[in-house]
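>
Chains as they are written, first to last, in the numbering used here: chain C, 2 to 355; chain Y, 157 to 293.
1. Quick one: using the 10 Å Cβ neighbour count with 16 as the cut-off for buried, is residue 344/C buried or exposed?
2. Ends of the beta strand (DSSP E) at residue 216/C?
3. Consider the Cβ of residue 287/Y: report whether some Cβ of chain C lies at a distance smaller than 7 Å.
4. If we ignore side chains and look at the alpha-carbon of each, how far apart do residue 341/C and residue 179/C end up?
5. Between the region 270–288 of chain Y and the region 322–336 of chain C, are three or more C-beta pairs nearer than 8 Å?
6. Using 8 Å for Cβ pairs, my map puts residue 203/C next to residue 289/C. What's the rounded Cβ distance?
7. How about residue 261/C: is its C-beta nearer than 7 Å to some C-beta of chain Y?
8. What does the alpha-carbon distance come out to for the pair residue 168/Y and residue 37/C?
9. Using the C-alpha atoms, what's the distance from residue 103/C back to residue 92/C?
10. Using a Cβ cut-off of 7 Å (strictly closer), state whether residue 171/C contacts chain Y.
11. DSSP state of residue 144/C, grouped into three classes?
12. In chain Y, what lies closer than 7 Å to residue 326/C by C-beta?
13. Given residue 76/C, which residues of its chain have a CB within under 6 Å of its CB, disregarding the five upstream and five downstream residues?
14. What residues in the region 202–233 of chain Y bring their beta carbon closer than 7 Å to a beta carbon of chain C?
15. Measuring CA to CA, which of 25/C, 230/C, 40/C, 15/C is closest to residue 299/C?
16. Where does residue 208/C land, buried or exposed, given buried means 16+ other C-beta within 10 angstroms?
17. Hey, could you find the ends of the beta strand (DSSP E) residue 208/C is sitting in?
18. May I have the straight-line CA-CA distance separating residue 53/C from residue 79/C, to the nearest angstrom?
19. Look up residue 44/C in the DSSP assignment and say whether it is helix, strand or coil.
20. Given 8 Å as the limit, is there contact between the region 141–150 of chain C and the region 111–127 of chain C, that is, 3 or more CB pairs closer than that?
21. Report the CB separation of residue 1/C from residue 173/Y in whole angstroms; it is logged as a contact under 8 Å.
22. Using the beta-carbon count (16 or more within 10 Å), is residue 290/Y buried or exposed?
23. If we cut at 7 Å on Cβ distances, does residue 284/Y have a partner in chain C?
24. Count the other CB atoms within 10 Å of the CB of residue 237/C; is the residue buried (16 or more) or exposed (fewer)?
25. Within a Cβ cutoff of 8 Å, which residues of the same chain sit near residue 216/C, ignoring the five residues on either side of it in sequence?
26. Under 7 Å between the Cβ atoms of residue 262/C and residue 90/C?
27. Where does residue 301/C sit, in a helix, a strand or coil, going by DSSP?
28. Report the CB separation of residue 152/C from residue 106/C in whole angstroms; it is logged as a contact under 8 Å.
29. Between residue 11/C and the rest of its own chain, which residues show a CB-CB distance below 6 Å, the 5 nearest in sequence each way excluded?
30. So what's residue 56/C in DSSP terms, helix, strand or just coil?
31. When the cut-off is 7 Å and only beta carbons count, does residue 185/C lie next to chain Y?
32. Within 10 angstroms of the Cβ of residue 220/Y, are there 16 or more other Cβ atoms? Answer buried if so, exposed if not.
33. Work out the CA separation of residue 169/C and residue 196/Y for me, nearest whole Å.
34. Show which residues of chain C have a CB atom less than 9 Å away from the CB atom of residue 197/Y.
35. Give a yes or no on whether the C-beta atoms belonging to residue 165/C and residue 264/C are separated by under 7 Å.
36. Taking contact to mean at least 3 C-beta pairs separated by less than 8 Å, is the region 307–321 of chain C in contact with the region 240–255 of chain Y?
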């Protein structure tokens with residue numbers, strides 16, 4: 002399905018290079034660096050709002066409390082004070098820690114999540130790269146996270162941490178396959194792995210109800226796949242009810258137990274970045290990417306990923322955690338079978354209709 | 157073009173955490189007291205090594221994953237080509253059946269793994285022995 006659509010897409014770095022009047026390889030590199038810096042900071046700003054502030058406020062709203070409200074309007078300046086507080090804490094390296102990997106693990110988690118955003122179309126022309134294998138690439142980047150968790154868990158020289166790291170791997174590998182196989186059923190519809198094509202395929206009208214046309218978002222075309230993907234995604238990013246790798250009441254925050262100061266901040270940031278990356282993948286392949294009425298595309302993109310974030314926090318307040326054996330059983334016996342059934346059924350339906 | 161941009165984001169993604177580490181190194185205190193360096197073990201002095209032996213099940217599941225992960229990689233090209241192949245007039249028996257066969261073989265593999273208990277998390281031998289004892293009496 003290589004249409005004329007793709008050639009019209011002007012990517013973000015190119016746009017910046019044109020704006021600066023640069024051309025050639027230098028323009029490409031400068032544009033890419035500035036674009037990457039902007040995208041990285043947009044996402045970090047969002048996690049900055051989400052981590053110290055929104056998470057507390059949302060949980061407080063669910064449990065009928067007030068949460069942070071002392072500093073600034075609605076307690077928003079807590080973000081500033083909290084970041085200073087966390088960065089200025091003493092860094093305690095545990096005895097017998099495996100030094101290089103103990104230090105590298107907190108780097109990898111946020112870096113892998115940020116890397117995933119490189120191929121996500123964020124609307125209003127903000128998309129850093131649009132390679133042909135975009136969807137496969139974003140899953141590849143997202144799953145680097147488990148390497149970081151197992152590194153941190155192993156290097157900490159703590160039994161709980163090691164267990165947390167291994168749990169993270171067991172969980173990631175159990176839910177990775179349902180996740181990708183479900184995404185494959187979208188690829189069957191879209192006929193491409195390129196993110197811009199997947200988004201463009203969702204712009205056509207599915208049905209018109211009383212003058213309002215409902216777009217052919219894959220969440221509407223294949224709601225079963227949407228639900229499957231949602232569940233697998235929650236497990237992949239390790240949020241409730243699948244927050245087995247952390248499980249504070251079982252293994253005292255797992256791989257994070259021995260991390261303090263800036264290392265802890267980086268783990269925390271990386272986790273939130275992964276939540277937003279999960280939301281961005283869902284928005285792109287199931288919810289029409291940045292598409293939406295009236296408002297500009299980027300605003301819709303932000304609304305969609307924040308809706309996913311709100312959903313994760315809702316689950317955090319509402320659902321109990323599953324046990325590790327239940328997790329493995331749900332993954333290998335439930336999700337895997339259902340996702341293959343979904344793929345085969347989608348293929349047959351598409352084959353019969355086409 | 158796109159690889160330059162992805163590489164740029166990788167650079168930024170590593171540079172920002174490094175910058176945060178540098179800022180933190182300037183801000184944070186350093187208290188040379190060694191007692192706090194013991195690893196956390198519910199307030200007790202840690203016993204033995206931190207690298208304990210764990211359940212074999214983690215390994216079994218990982219082995220199963222390798223099989224299915226390679227399979228998903230194999231299905232990707234099919235999923236991309238499927239609709240355009242149908243639109244080009246290739247009959248369903250040629251576009252769909254080979255993939256169904258491929259998935260079918262793997263499903264047989266899954267059924268086998270399921271039956272030998274590879275996807276079963278460990279059960280406590282003592283607990284199950286007690287359970288059977290209770291049932292027998």
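Beta carbons are placed, not taken as given, at the ideal position from N, Cα and C, and that holds for glycine.
Here's the rundown:
1. Here residue 344/C refers to the residue found at position 343 when the first chain is read from its first residue. Residue 344/C comes out buried.
2. Translated into the one-based positions of the first chain, residue 216/C becomes position 215. It spans 213–216 - the beta strand (DSSP E) in which residue 216/C sits, taken as one unbroken run.
3. Locating residue 287/Y in the second chain gives position 131, counting from the first residue. No - not a single Cβ of chain C is within 7 Å of the one on residue 287/Y.
4. In the first chain, residue 341/C corresponds to position 340, counting from 1. In the first chain, residue 179/C corresponds to position 178, counting from 1. Taking the straight line from one Cα to the other gives about 8 Å.
5. Short answer: they touch.
6. The residue you call residue 203/C lines up with position 202 of the first chain. The residue you call residue 289/C lines up with position 288 of the first chain. A Cβ-Cβ distance of about 4 Å is found for the pair residue 203/C and residue 289/C, placing them in contact under the 8 Å criterion.
7. Numbered from 1 along the first chain, position 260 holds the residue referred to as residue 261/C. Answer no: the Cβ-Cβ gap between residue 261/C and chain Y never drops below 7 Å.
8. Stepping through the second chain from its first residue, residue 168/Y is reached at position 12. Stepping through the first chain from its first residue, residue 37/C is reached at position 36. A straight-line Cα-Cα distance of about 7 Å links residue 168/Y and residue 37/C.
9. Position 91 of the first chain, counted from the start, is the residue given in the question as residue 92/C. Position 102 of the first chain, counted from the start, is the residue given in the question as residue 103/C. Each residue's Cα considered, the two are about 12 Å apart.
10. Position 170 of the first chain, counted from the first residue, corresponds to residue 171/C. Closer than 7 Å to some Cβ of chain Y, the Cβ of residue 171/C qualifies, so yes.
11. Stepping through the first chain from its first residue, residue 144/C is reached at position 143. If DSSP states are grouped into helix, strand and coil, residue 144/C belongs with coil.
12. Walking along the first chain from the start, residue 326/C turns up at place 325. Per Cβ cutoff of 7 Å: 277.
13. Along the first chain, one-based indexing puts residue 76/C at 75. Contacts found: 69, 70.
14. From the region 202–233 of chain Y, only 206, 207, 208, 210, 214, 217, 218, 221, 224, 225, 228, 231, 232 have a Cβ closer than 7 Å to chain C.
15. Residue mapping note: residue 299/C aligns to position 298 of the first chain, counting from 1. Of the candidates 25/C, 230/C, 40/C, 15/C, the one whose C-alpha sits nearest the C-alpha of residue 299/C is 40/C.
16. As a working note, residue 208/C is residue 207 in the first chain. Burial call: exposed.
17. On the first chain, position 207 is the one that residue 208/C refers to. In this chain, the beta strand (DSSP E) harbouring residue 208/C covers 206–210.
18. Translated into the one-based positions of the first chain, residue 53/C becomes position 52. Translated into the one-based positions of the first chain, residue 79/C becomes position 78. Each residue's Cα considered, the two are about 7 Å apart.
19. Within the first chain, numbered from 1, the residue matching residue 44/C stands at position 43. Of the three classes helix, strand and coil, the one that applies to residue 44/C here is helix, per DSSP.
20. yes
21. What is shown of chain C runs 2 to 355, which leaves residue 1/C out entirely.
22. As a working note, residue 290/Y is residue 134 in the second chain. By the neighbour-count rule (16 or more Cβ atoms within 10 Å), residue 290/Y is not buried but exposed.
23. Looking up residue 284/Y in the second chain gives position 128. Put simply, the CB of residue 284/Y is far from chain C, with every gap to its CB atoms at 7 Å or more.
24. Position 236 of the first chain, counted from the start, is the residue given in the question as residue 237/C. So residue 237/C counts as buried.
25. Here residue 216/C is taken as the residue at index 215 of the first chain, counted from 1. Cβ within range, chain order: 203, 204, 205, 206, 207, 289, 292.
26. The residue labelled residue 262/C in the question sits at position 261 within the first chain. The residue labelled residue 90/C in the question sits at position 89 within the first chain. Yes, the pair counts as a contact, with Cβ atoms nearer than the cut-off.
27. Here residue 301/C refers to the residue found at position 300 of the first chain. Helix at residue 301/C.
28. Counted from its first residue, the first chain places residue 152/C at position 151. Counted from its first residue, the first chain places residue 106/C at position 105. Rounded, the Cβ-Cβ distance is 4 Å, consistent with contact.
29. Position 10 of the first chain holds residue 11/C. Within the same chain, residue 11/C has no close Cβ partners at all.
30. The residue you call residue 56/C lines up with position 55 of the first chain. The answer is helix: DSSP assigns residue 56/C an H, G or I state.
31. The sequence position of residue 185/C within the first chain is 184, counting from 1. By this cut-off, residue 185/C is an interface position.
32. To locate residue 220/Y, count along the second chain from 1; it is residue 64. Residue 220/Y comes out buried.
33. As a first step, residue 196/Y must be located in the second chain, where it is residue number 40. As a first step, residue 169/C must be located in the first chain, where it is residue number 168. Approximately 20 Å between the Cα atoms of the pair.
34. Along the second chain, one-based indexing puts residue 197/Y at 41. Ordered by position in chain C, the residues that pass the 9 Å Cβ test against residue 197/Y are 159, 160, 161.
35. Here the question's residue 165/C lines up with position 164 in the first chain. Here the question's residue 264/C lines up with position 263 in the first chain. No, the pair does not count as a contact, with Cβ atoms beyond the cut-off.
36. Counting Cβ pairs under 8 Å, fewer than three are found: no touch.
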